Amino acid sequence: MNYFKDYRDHVGSKPEKFFKSTLFESGQILLGINCLEPGQEQAVNPHGGQDKFYFVLEGSGAFTVGDTEQSAGEGMTVWAPEGVDHGVRNVGDKRLVLLVGLAPAPGH
């Protein structure tokens with residue numbers, strides 16, 4: 024297993040939907056990269072049984088957690104506890120690149 028990865032090797036795009044790539048996964052956690060082009064969004068949704076965080080690597084977005092919507096840019100972390108609705112929209116003019124963590128990993 025490769026224990027060292029450069030997130031930039033996992034950045035990409037899809038015209039129809041935001042792009043996702045897994046960096047690491049175990050039964051305890053999944054770490055991945057989500058890339059949203061300008062105007063793309065991850066619809067507001069809950070994660071039953073999973074905590075989630077977003078760490079903004081590049082760009083900025085409008086994040087929703089529960090009843091709160093707030094902008095977050097490079098270097099900021101957004102936390103969405105288990106069962107709390109959350110989502111993100113890229114309202115900027117460049118790609119939004121996020122390090123995303125889910126604990127426990129999906130399906131575990």
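FYI, in this note's numbering the residues of the sequence shown are 24 to 131.
Where is the CB? At the ideal position from N, CA and C, for every residue including glycine.
It should be emphasised that the depicted structure is a prediction, and the values quoted were computed from it without experimental measurement.
| Asked | Found |
| --- | --- |
| Where D74 sits in the DSSP three-state scheme | strand |
| R112, enclosing beta strand (DSSP E) - first and last residue | 109-112 |
| Option nearest K75 by Cα separation, candidates G89, Y26, F41, P38 | G89 |
| Cβ of G115 within 9 angstroms of any chain C Cβ | The structure shown contains no chain C; it holds only a single protein chain. |
| 6 angstroms CB neighbourhood of A95 in its chain, flanking five on each side removed | V79, F86, V101 |
| Span separating the alpha-carbon of P69 from that of A126 | 14 angstroms |
| C-beta atoms of Q51 and A128 nearer than 9 angstroms | yes |
| Counted within 10 angstroms of its Cβ, other Cβ atoms place G124 as buried (16 or more) or exposed | buried |
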